[in-house]
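For the sequence shown, this note's numbering begins at 249 and goes up steadily by one.
What follows is one structure encoded as C-alpha cells, with my remarks underneath.
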Amino acid sequence: RGATVVLHGDSFPEALAYSLKLVDEQGFVYIHPYDDPDTIAGQGTVAMEILRQQPGQLDAIFVPVGGGGLIAGIAAYVKYLRPEIKVIGVE
C-alpha cells in the first residue's frame, strides 16, 4: 500500500494540528519534518552527496533554513569530516 498525501491548512501549525488529529483518530505514525534525530540524520545525507561531488576545496555551503532540520543535518556531517568548511543558513 502506498502513501496518501494530505494537504491541510494554510500554515504549519494548522497542518500539524490536523496531522496529530489523524494520529489519534486513525493510528497513523507522525514523523516530524525537522525536530527528529532520524529526520535530521537523513537530511544530513545531502552533505554527504555534496562532499562526494566536490572533494576538493570548498569554502562554504549555503543551506536554506525553515525549521532547522536540514541545516542541522548538513552541519553535523560537514563539521565532523571537514570542520574548516563554513555552513551558512539563508532564508
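The beta-carbon is built from N, C-alpha and C at its ideal position, and this holds for glycine as well.
Q. Does the region 306 to 315 come within contact of the region 323 to 335, defined as at least 3 CB pairs closer than 8 Å?
A. Because the criterion of three Cβ pairs below 8 Å is met, the region 306 to 315 and the region 323 to 335 touch.
| query | Straight-line CA distance for Asp283 to Gly315? | reply | Numbered from its first residue, the sequence shown carries residue 283 at position 35. Numbered from its first residue, the sequence shown carries residue 315 at position 67. The alpha-carbon of Asp283 is positioned some 8 Å away from that of Gly315.
Next on the checklist: Whole angstroms are fine: how far does the CA of Met296 sit from the CA of Pro303?
Outcome noted: The sequence position of residue 303 within the sequence shown is 55, counting from 1. The sequence position of residue 296 within the sequence shown is 48, counting from 1. Their backbone Cα atoms lie some 10 Å apart in a straight line.
Assign Ile288 to one of two classes, buried (16 or more other C-beta atoms within 10 Å of its C-beta) or exposed (fewer than that). Reading the sequence shown from its first residue, position 40 is the one you call residue 288. By the 10 Å Cβ count, Ile288 comes out buried.
- Message: Tell me the DSSP secondary structure of Pro312 in three-state form.
- Response: Here residue 312 refers to the residue found at position 64 when the sequence shown is read from its first residue. Correct three-state label for Pro312: strand.
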